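Visitor: Sharing a structure, written as structure tokens. Questions coming.
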Amino acid sequence: MENKDVNKHKLLLDNKIYTQKPDQAQAKKISQRLPYCGVEITIEEFAKSIVLPNSKTWVAGYLEGGRKNEYWKSQSILALDFDSGITFYNVLERLKEYNLNCTLAYSTFSSSEEIPKFRVIFQLEEAITDKSTRDSIQLTLMALFPECHKQCKDAARIYFGGKEIIYGNYDYFLNLPQLLESTRNYVAERTKNVSQSLKRLDRKTEKLEKRYKSGTAYNKSIETSKFITNSEKSIDAHELPRVDWDDLRLKIKLLDDFMNGEWLYHLQLFGLATNMIHLRGGEKLFKECLDLNPKYAKGKYNLPGVAKYYEYNPMRLENFSTYEEDWTYKNLKEASIKKKVIRLETYKTKTMQQLREQLRESLSNVLVSNDTFVHVFKAATGLGKTELCTELNNILLALPNHSLKTEVSNRMKVSYKNTPSIKSLPQEVQKKVEYLYSIGATTKAASYLKEMARTNEACKKYLNNTQACYASTDTVITTHQKGLLIDWSHDTLIFDEDLISSLLPIDKVYINDLIRLEANLTNDSDRHTLSQIINEIRHCRHNAPITLDFLLFENPQEIEDEVLDSSVKYDGNLLHFFECDYFIVDSRDRDTIHYVKKRRLPEDKKVIILSATANEEIYRHLFGDRLRFSDLSNVETVGVIEQDTTYSYSRQSLQKHSKYIRELVGDKLTITFMKQKDIFENSVEDMHFGKAVGSNELKGQDIAVVGTPHVNPIVIGLYASVLGIKVSTADFNNKGLYHFRQQQVVHNGYQFWISTYDNKDLRNIQFYFIESELRQAVGRARPNTEPATVKLFSNYPLPEACINDEEIEAGQSKLQINKDLAAKKSINSLEECLFDFEDTDNILKRELVAFS
Numbered sequence: 054m055e056n057k058d059v060n061k062h063k064l065l066l067d068n069k070i071y072t073q074k075p076d077q078a079q080a081k082k083i084s085q086r087l088p089y090c091g092v093e094i095t096i097e098e099f100a101k102s103i104v105l106p107n108s109k110t111w112v113a114g115y116l117e118g119g120r121k122n123e124y125w126k127s128q129s130i131l132a133l134d135f136d137s138g139i140t141f142y143n144v145l146e147r148l149k150e151y152n153l154n155c156t157l158a159y160s161t162f163s164s165s166e167e168i169p170k171f172r173v174i175f176q177l178e179e180a181i182t183d184k185s186t187r188d189s190i191q192l193t194l195m196a197l198f199p200e201c202h203k204q205c206k207d208a209a210r211i212y213f214g215g216k217e218i219i220y221g222n223y224d225y226f227l228n229l230p231q232l233l234e235s236t237r238n239y240v241a242e243r244t245k246n247v248s249q250s251l252k253r254l255d256r257k258t259e260k261l262e263k264r265y266k267s268g269t270a271y272n273k274s275i276e277t278s279k280f281i282t283n284s285e286k287s288i289d290a291h292e293l294p295r296v297d298w299d300d301l302r303l304k305i306k307l308l309d310d311f312m313n314g315e316w317l318y319h320l321q322l323f324g325l326a327t328n329m330i331h332l333r334g335g336e337k338l339f340k341e342c343l344d345l346n347p348k349y350a351k352g353k354y355n356l357p358g359v360a361k362y363y364e365y366n367p368m369r370l371e372n373f374s375t376y377e378e379d380w381t382y383k384n385l386k387e388a389s390i391k392k393k394v395i396r397l398e399t400y401k402t403k404t405m406q407q408l409r410e411q412l413r414e415s416l417s418n419v420l421v422s423n424d425t426f427v428h429v430f431k432a433a434t435g436l437g438k439t440e441l442c443t444e445l446n447n448i449l450l451a452l453p454n455h456s457l458k459t460e461v462s463n464r465m466k467v468s469y470k471n472t473p474s475i476k477s478l479p480q481e482v483q484k485k486v487e488y489l490y491s492i493g494a495t496t497k498a499a500s501y502l503k504e505m506a507r508t509n510e511a512c513k514k515y516l517n518n519t520q521a522c523y524a525s526t527d528t529v530i531t532t533h534q535k536g537l538l539i540d541w542s543h544d545t546l547i548f549d550e551d552l553i554s555s556l557l558p559i560d561k562v563y564i565n566d567l568i569r570l571e572a573n574l575t576n577d578s579d580r581h582t583l584s585q586i587i588n589e590i591r592h593c594r595h596n597a598p599i600t601l602d603f604l605l606f607e608n609p610q611e612i613e614d615e616v617l618d619s620s621v622k623y624d625g626n627l628l629h630f631f632e633c634d635y636f637i638v639d640s641r642d643r644d645t646i647h648y649v650k651k652r653r654l655p656e657d658k659k660v661i662i663l664s665a666t667a668n669e670e671i672y673r674h675l676f677g678d679r680l681r682f683s684d685l686s687n688v689e690t691v692g693v694i695e696q697d698t699t700y701s702y703s704r705q706s707l708q709k710h711s712k713y714i715r716e717l718v719g720d721k722l723t724i725t726f727m728k729q730k731d732i733f734e735n736s737v738e739d740m741h742f743g744k745a746v747g748s749n750e751l752k753g754q755d756i757a758v759v760g761t762p763h764v765n766p767i768v769i770g771l772y773a774s775v776l777g778i779k780v781s782t783a784d785f786n787n788k789g790l791y792h793f794r795q796q797q798v799v800h801n802g803y804q805f806w807i808s809t810y811d812n813k814d815l816r817n818i819q820f821y822f823i824e825s826e827l828r829q830a831v832g833r834a835r836p837n838t839e840p841a842t843v844k845l846f847s848n849y850p851l852p853e854a855c856i857n858d859e860e861i862e863a864g865q866s867k868l869q870i871n872k873d874l875a876a877k878k879s880i881n882s883l884e885e886c887l888f889d890f891e892d893t894d895n896i897l898k899r900e901l902v903a904f905s
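Per my numbering, residue 54 is the first one in the sequence shown, and the count goes up by one each step.
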């Protein structure tokens, strides 16, 4: 085959029209003319040329010199002729059953209601230039439809025109690897002797098989098989791995359906057959599951035989299971493996005192330096990073929210100003301001407050205090959001806690709001622009990032006025949407559009970020050479983190294994997903994944943290786009989504299994979110500075956690020594004790000797 796509088909097409089937004399003249009637034609033009009123005779291949097989040169169209014994409906049903289709079909001149006669036509994506390959494909098609006319195998066969097109799917190209697999299945399902029938078929399809023997094109399309010769070693049932099928059905929903006797399509059955033959007891179970549903044809029992005869590799679950959750595993064999977490590198730690001194020294050097870099300190919880900030003059100190801002304000050791919270405003004013912020009307919110300040003392005081903070060079405490949006007078801006979610905020709007806005605009140009956006949203590939950098409104003020003055409130952050960098249409809710807008840090100021969860690669994408990154996170914990990696502990996994988890958690205070709190006896009421930053209320207490908090793929897609991460077509599956599956990875000094992306940059974003949430939740007990036990249930291993019995035993011994040491010193906090010693390991060694 040639390596170029077919836009036009090269074939023979007579130049005379016939309104009925040509007689013998006419057919002879046609045969003489046709070799000189070569054309290059699109499939649509071809379809119009072979039925009334333009019905012409044709040859599927291109011939030069005469209408004989030896004059054949190339072909990109194939045909089957049906005169009796089958209807077109039956043909189409068979094609669809085996995951195939045709390009078009038309009724012949001699067709009648009593005896329907028709031709079915297939187009190829590449032109065939090898005659034996053409013959192999034609014979394979005929084996799939033994009811067709036997003369269809002739490469120079004449096909007369006909009455009308009875079916058209002009975008469909015959998938040759799929045709080969489907024909094998069809033949095998209709025989008692699978091996003998397939051997006969192999002789007909030999050339087509050789074409795809490397598996390259085949694996791109359906990824099921490696083509092998029959001399290779067959599957040995005694060497197959043992499987807990009851456990496996909990992981794979399609398998569960099959084992429950639900009816499955052929592609699903064959996908399961190619998987189950590789697991002990799989072939027997496959046939037992077929017995549960009387609707299955007897031939389906032969599918494992086909898979074994050709020694197919297991088909990927994403290529035949309709359940997205099944795609987290590559195949059943992978899903059946009891996966272990293996520590590859010893986690090298420093004492709390060492890291505290290092942080203080590094921060001091940065503060006195004359630069405008972005300094990020990944500082372990308990190093006292916030406490250091309470001693600093002439800085802006930004915290994630108002409650943390208030908490830090009470600890300040220098004079400071505190930006007021809108909660200090009257309730009606506060409600209005919150609404304006929610739709992106920040300028309008400021104007509204100024207007209210003329008559309301609380509003006036709020504005005066706010303006005083904006103008001051004294130390000012504010929130992350204001820290990013205001042009401060300070030369040094310090952000306590991770800044990524504030730098890259994600929000959403709804298509109904956009449609209503379009209808209410009077500017024709702006209505047209908005109509284009709506049209793109409706027709875009869902979960694919789209940029709005082309957007330009003639009268943006009218848009803002409409949003603000509408009697019916808009639901989403509409005004900010028009300024976004990228948006994604939600594949599960097509009326919802998620978007991201990158905020900027001032170029002329020094910026310091202090966070226990900072990710260097993400900050590097954001700031490039401007970034200075210091990792001070490897602290020797005083408490112990015991991690259970038995299950994935996703939201779905928690429901499946809730009994197992509840028994191990017991009555401990538990941080988990917001909607899974009812599983546990003592879930922390006002704390969950996504809301566990900075709080000290669980300090020193034994707690449980349950869950692997995977982030929505939409967030991953938006972050990847705005960070400039390059993805290729290979990073997407056949559903248009990023490849995401259960796989073994090496990360943080571990080798472990997890549902993740094939693309490493996408994986890094995913792991950043998981690790951030886990560290924040674990950190609420302050195990770095307190002799507390944290029971962590997640298949994402933290390097400081104990992940096996040996490590847990050592961790508990260390914990007991630290508890005894604290009691012996008669102090309230072991943290104070650590300042009296150079090295925690030496403490432990000395205390072990003393206690023994």
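Glycine included, C-beta positions come from ideal geometry on N, C-alpha and C. This structure is a prediction, so every number in the text was calculated from the model and none was measured.
#1: Who does residue 62 pair with in a DSSP beta bridge?
#2: If we call anything under 8 Å between Cβ atoms a contact, is residue 239 one with residue 354?
#3: Count Cβ pairs between the region 202-219 and the region 97-116 that sit closer than 8 Å; are there 3 or more?
#4: Check whether the region 556-573 and the region 619-627 touch, using three or more Cβ-Cβ pairs below 8 Å as the test.
#5: Is it buried or exposed, residue 605, if we count other Cβ atoms within 10 angstroms and call 16 or more buried?
#6: How many Å lie between residue 42 and residue 388 at the Cα?
#7: Identify the continuous beta strand (DSSP E) that holds residue 172 and give its terminal residues.
#8: Are the CB atoms of residue 801 and residue 762 within a distance shorter than 8 Å?
#9: Beta carbon of residue 386, beta carbon of residue 332: below 8 Å?
#10: With residue 375 as the anchor, note down where its beta strand (DSSP E) starts and where it stops.
#11: Cutting at 8 Å between CB atoms, please list the residues of its own chain near residue 817, excluding the five before and the five after it.
#12: Measuring only the C-alpha atoms, how far is residue 531 from residue 542?
#13: Kindly list the residues whose CB is nearer than 6 Å to the CB of residue 505, restricted to its own chain and excluding five residues on each side of it in sequence; keep chain order.
#14: Just verifying my parser: in three-state terms, what is the DSSP assignment at residue 445?
#15: With DSSP as the reference, label residue 365 as helix, strand or coil.
#16: Taking the runs of the beta strand (DSSP E) that are 3 residues or longer, which of them lie wholly in the region 96-176?
#17: What distance in whole Å lies between the Cβ atoms of residue 795 and residue 203, which are believed to be in contact at a cut-off of 8 Å?
#18: Taking one C-beta from the region 152-162 and one from the region 181-194 each time, how about it: are there three or more such pairs within less than 8 Å?
#19: Would you kindly check if the distance between the Cβ of residue 137 and the Cβ of residue 174 is under 8 Å?
#20: Answer yes or no: do residue 20 and residue 848 have a C-beta to C-beta separation smaller than 8 Å?
#21: Helix, strand or coil for residue 821, going by three-state DSSP, please let me know.
#22: Is it the case that the Cβ atoms of residue 758 and residue 845 are separated by a distance below 8 Å?
#23: Could you tell me whether the Cβ atoms of residue 551 and residue 748 are closer together than 8 Å?
#24: With residue 639 as the anchor, note down where its beta strand (DSSP E) starts and where it stops.
#25: Here's the rule I'm using: 16 or more other beta-carbon atoms within 10 Å means buried, otherwise exposed. How should residue 286 be labelled?
#26: Mind checking which residues open and close the alpha helix (DSSP H) that includes residue 585?
#27: Counting pairs of Cβ atoms below 8 Å between the region 768-777 and the region 634-649, do you hit three or more?
#28: Could you tell me the alpha carbon to alpha carbon distance between residue 655 and residue 547, rounded to whole angstroms?
#29: Helix, strand or coil for residue 804 per DSSP?
#30: Below 8 Å between beta carbons: does that hold for residue 339 and residue 326?
#31: The alpha helix (DSSP H) with residue 664 in it runs from where to where?
#32: Quick check: the region 517-532 against the region 438-451, are at least 3 beta-carbon pairs closer than 8 Å?
#33: For residue 319, which of 337, 381, 234 and 806 has the nearest alpha-carbon?
#34: Taking residue 684 as part of the alpha helix (DSSP H), name the residues at either end of that continuous run.
#35: Spell out the partners DSSP gives residue 560 in its beta bridges.
#36: Apart from the five residues on each side of it in sequence, which residues of its chain come closer than 7 Å, Cβ to Cβ, to residue 803?
Guide: In brief:
#1: Taking the first residue of the sequence shown as 1, we reach residue 62 at position 9. According to DSSP, residue 62 shares a beta bridge with 94.
#2: The sequence position of residue 239 within the sequence shown is 186, counting from 1. The sequence position of residue 354 within the sequence shown is 301, counting from 1. Not a contact, by the Cβ cut-off of 8 Å.
#3: With a cut-off of 8 Å, the region 97-116 and the region 202-219 count as touching, because enough Cβ pairs lie within range.
#4: By the Cβ rule, the region 556-573 counts as touching the region 619-627, because three or more pairs are nearer than 8 Å.
#5: Within the sequence shown, residue 605 is the residue found at index 552, counting from 1. Burial state of residue 605 is exposed, judged by a 10 Å Cβ sphere holding fewer than 16 other Cβ atoms.
#6: Any property of residue 42 remains undetermined from this structure, which presents the chain solely from 54 to 905.
#7: Here residue 172 corresponds to residue number 119 of the sequence shown, with the count starting at 1. For residue 172, the enclosing beta strand (DSSP E) starts and ends at 171-181.
#8: Counting from 1 along the sequence shown, the entry for residue 762 is found at position 709. Counting from 1 along the sequence shown, the entry for residue 801 is found at position 748. Not a contact, by the Cβ cut-off of 8 Å.
#9: In the sequence shown, counting from the first residue as 1, residue 386 sits at position 333. In the sequence shown, counting from the first residue as 1, residue 332 sits at position 279. Their beta carbons are under 8 Å apart, which means residue 386 touches residue 332 by this criterion.
#10: Locating residue 375 in the sequence shown gives position 322, counting from the first residue. Residue 375 -> no beta strand (DSSP E), and no H or E assigned at all.
#11: On the sequence shown, residue 817 is found 764 positions in, with the first residue counted as 1. Sequence-distant partners of residue 817 (beyond 5 residues in either direction) whose C-beta falls short of 8 Å from its own C-beta, in its chain, are 668, 670 and 671.
#12: Here residue 531 is taken as the residue at index 478 of the sequence shown, counted from 1. Here residue 542 is taken as the residue at index 489 of the sequence shown, counted from 1. Take the alpha-carbon of residue 531 and the one of residue 542: they are about 13 Å apart.
#13: Your numbering for residue 505 matches position 452 in the sequence shown. The answer, listed in chain order, is 482 and 512.
#14: Position 392 of the sequence shown holds residue 445. Note: residue 445 maps to coil in three-state DSSP.
#15: On the sequence shown, residue 365 is found 312 positions in, with the first residue counted as 1. Three-state DSSP puts residue 365 in coil, outside helix and strand.
#16: DSSP runs (the beta strand (DSSP E)) wholly in the region 96-176: 114-116, 125-135 and 157-161.
#17: In the sequence shown, counting from the first residue as 1, residue 203 sits at position 150. In the sequence shown, counting from the first residue as 1, residue 795 sits at position 742. The pair is not a contact, with the Cβ atoms about 49 Å apart (cut-off 8 Å).
#18: No, they do not touch.
#19: Residue 174 sits at position 121 when you count from the first residue of the sequence shown. Residue 137 sits at position 84 when you count from the first residue of the sequence shown. No; because the gap between Cβ atoms is not below 8 Å, this pair is not in contact.
#20: Nothing can be reported for residue 20, as the shown portion of the chain is limited to 54 through 905.
#21: Locating residue 821 in the sequence shown gives position 768, where the first residue counts as 1. Helix at residue 821.
#22: Here the question's residue 758 lines up with position 705 in the sequence shown. Here the question's residue 845 lines up with position 792 in the sequence shown. Yes, the Cβ-Cβ distance between residue 758 and residue 845 is below 8 Å.
#23: For the purposes of this step, residue 551 is identified with residue 498 of the sequence shown, where counting begins at 1. For the purposes of this step, residue 748 is identified with residue 695 of the sequence shown, where counting begins at 1. With a cutoff of 8 Å on beta-carbon distance, residue 551 and residue 748 are scored as not near each other.
#24: In the sequence shown, counting from the first residue as 1, residue 639 sits at position 586. Neither: residue 639 is in no beta strand (DSSP E) and is coded neither H nor E.
#25: Within the sequence shown, residue 286 is the residue found at index 233, counting from 1. Because residue 286 sits at a pLDDT of 41, beneath the cut-off of 50, its placement in the model cannot be relied upon, and the following sentence gives the value as read from the coordinates. Under this definition residue 286 is an exposed residue.
#26: The residue you call residue 585 lines up with position 532 of the sequence shown. In the DSSP annotation of this structure, the continuous segment of the alpha helix (DSSP H) that includes residue 585 starts and ends at 577-592.
#27: Enough Cβ pairs lie closer than 8 Å, so yes.
#28: Counting from one through the sequence shown, the residue named residue 655 turns up at place 602. Counting from one through the sequence shown, the residue named residue 547 turns up at place 494. A direct Cα-to-Cα measurement between residue 655 and residue 547 gives close to 12 Å.
#29: Translated into positions along the sequence shown, residue 804 becomes position 751. Three-state DSSP puts residue 804 in a strand.
#30: As a position in the sequence shown, residue 339 is number 286, starting the count at 1. As a position in the sequence shown, residue 326 is number 273, starting the count at 1. Going by beta carbons, residue 339 and residue 326 fall inside the 8 Å limit.
#31: For the purposes of this step, residue 664 is taken as the residue at position 611 of the sequence shown. Residue 664: not part of any alpha helix (DSSP H); member of the beta strand (DSSP E) spanning 659-664, first to last residue.
#32: Using a C-beta cut-off of 8 Å, the region 438-451 makes contact with the region 517-532, since at least three inter-stretch Cβ pairs fall below that distance.
#33: Position 266 of the sequence shown, counted from the start, is the residue given in the question as residue 319. Among 337, 381, 234 and 806, the Cα nearest to that of residue 319 is on 234.
#34: On the sequence shown, position 631 is the one that residue 684 refers to. Run containing residue 684: none in the alpha helix (DSSP H); it sits in the beta strand (DSSP E), 680-685.
#35: Sequence index remark: in the sequence shown, residue 560 carries index 507 (1-based). Bridge pairing for residue 560: 648 [DSSP].
#36: The sequence position of residue 803 within the sequence shown is 750, counting from 1. The residues 394, 395, 396, 397 and 850, in chain order, have a CB closer than 7 Å to that of residue 803 in the same chain once the five nearest residues on each side in sequence are set aside.
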